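Q: The structure that follows is given in the form of structure tokens.
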Amino acid sequence: MPQPFHIRPATPADMPGVASMQHACWMKAYPGVLDDSFLAQLSPEGIAGYHARHFHENGNHAAPGMPFFVAEAPGRANPIIGMVRGGPTRAESAAGDTVPAEIVARYPFELFGIHVAHDLHRSGVGRALFTQYARAGQSLGHNSLVLWVLSNNAPAIAFYESLGGKPVGSSPLTLGGKAYPQTAYAWSDLVHLRRMT
Ligand SMILES: CC(C)(COP(=O)(O)OP(=O)(O)OC[C@H]1O[C@@H](n2cnc3c(N)ncnc32)[C@H](O)[C@@H]1OP(=O)(O)O)[C@@H](O)C(=O)NCCC(=O)NCCS
355 MPQPFHIRPA TPADMPGVAS MQHACWMKAY PGVLDDSFLA QLSPEGIAGY
405 HARHFHENGN HAAPGMPFFV AEAPGRANPI IGMVRGGPTR AESAAGDTVP
455 AEIVARYPFE LFGIHVAHDL HRSGVGRALF TQYARAGQSL GHNSLVLWVL
505 SNNAPAIAFY ESLGGKPVGS SPLTLGGKAY PQTAYAWSDL VHLRRMT
């Protein structure tokens, strides 16, 4: 039977649960996608600290224009079973990789990250989080959405394509000193997406 869950805005108190879920998810999903040496230096504490920065000046809410949702399944040891977050489209990565200017201009709203507890993949949690994020974008006045996915992350690409995303560009992402190919997926009509999800 599918795990009952609900989606709600994230709060700073969720960050340890988000980071624990995300770290475990990456350790299962990313070997072979990212180098082992890069994965080995990640920690739940580091991920929690990274996400917590988005709350520092905004109390209990993510920064304006930067939706951050969690999926919660009460009763699990870690009830946080998924997360999605994003905001205005970034012109460059943390390591300084430049994003093609036409993508930034054409798609001003970006999904930065979406992760689901590994044991619950293919349960519909990712689709529900993505739909909630797209709705939040519409509420902010956006009708398009872009995201970047590592070009060898086949399950995530299958997920985005199932939701109607189309490849619109490519650009490398530098992580741990190595450049990985990335593909941009975009949705040009969130109203249409809403009808199909
Ligand atoms: C990508 C991710 C968020 C998808 O979440 P999910 O909850 O497993 O996805 P859903 O169950 O909502 O899947 C919706 C549809 O997407 C497609 N899909 C999802 N995962 C797929 C896979 N591994 N292979 C093929 N199709 C897939 C299917 O069409 C699926 O519908 P179906 O199960 O009825 O056939 C999740 O796999 C994940 O956390 N991956 C690791 C982290 C990651 O890669 N994040 C994205 C970074 S860009």
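Note that the sequence shown covers residues 355 to 551 in this note's numbering. Beta carbons: idealized from backbone N, C-alpha and C, even for Gly. The model shown is predicted, which means the values in this text are computed figures rather than measured ones.
Could you please go through the chain and list the residues whose beta-carbon is closer than 6 angstroms to any non-hydrogen atom of ligand 1?
A: Cys379, Ala383, Ile468, His469, Val470, His475, Arg476, Ser477, Gly478, Val479, Gly480, Arg481, Val503, Asn507, Pro509, Ala510, Ala512, Phe513, Ser516
Q: Is the beta carbon of Leu544 closer than 8 angstroms to that of Ser516?
A: no
Q: Drop a sphere of 10 angstroms on the beta-carbon of Met381, count the other beta-carbons inside from all chains shown, and report buried for 16 or more, exposed for fewer.
A: exposed
Q: Can the beta-carbon of Pro462 be found less than 8 angstroms from the beta-carbon of His415?
A: no
Q: Can you tell me which of the three DSSP states Ser477 falls into?
A: coil
Q: Here's the rule I'm using: 16 or more other beta-carbon atoms within 10 Å means buried, otherwise exposed. How should Glu426 be labelled?
A: By the 16-neighbour rule on beta-carbons within 10 angstroms, Glu426 is buried.
Q: Using beta-carbon positions only, say whether Leu474 and Leu388 come within less than 8 angstroms of one another.
A: Pairing Leu474 with Leu388 gives a Cβ-Cβ distance that is not under 8 angstroms.
Q: Check for me: the beta strand (DSSP E) holding Gly450 runs from which residue to which?
A: No beta strand (DSSP E) holds Gly450; DSSP gives it neither H nor E.
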